[in-house]
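The structure under discussion appears below in the form of structure tokens.
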Amino acid sequence: MVIQATSIATSTQEQSQLLDLLEVFRDFTENGRVNKHGLSVLASQVSSLETISRTIGSKVRQLQKPAPATTT
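Everything in the sequence shown is counted per full-length UniProt numbering, starting at 1 for the first residue and increasing by one.
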């Protein structure tokens, strides 16, 4: 699935991040543990997801605000 996502990714940065995740997965399946580099990659991905989640939450709240009443 990660390989498929990599082929669909639109930017080289997205592809690089997905390939980093693939490397972490490969290392884990081969060694049964995540090394320091893998932990760093995962921490970075989690941080990115948290930022994106906050941004989306903020935009959803803005969309949910009732439109101001207009008087004529």
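Where a beta carbon is used, it is the ideal one built from N, C-alpha and C, also for glycine.
The distance from the Cβ of alanine 9 to that of leucine 22 is about 12 Å, inconsistent with a contact at the 8 Å cut-off. Here arginine 33 carries a coil assignment [DSSP, helix/strand/coil].
Of all alpha-carbon atoms in Gln13, Ala67 and Phe25, the one lying nearest the alpha-carbon of methionine 1 is that of Phe25. For phenylalanine 28, same chain residues with a beta-carbon under 8 Å away, outside a window of 5 residues either side, are Val34 and Gly38 in chain order. Across the structure, threonine 12 and glutamine 64 are spaced so that their CA atoms are roughly 34 Å apart. Counting along the chain, the unbroken alpha helix (DSSP H) around threonine 6 starts and ends at 2-8.
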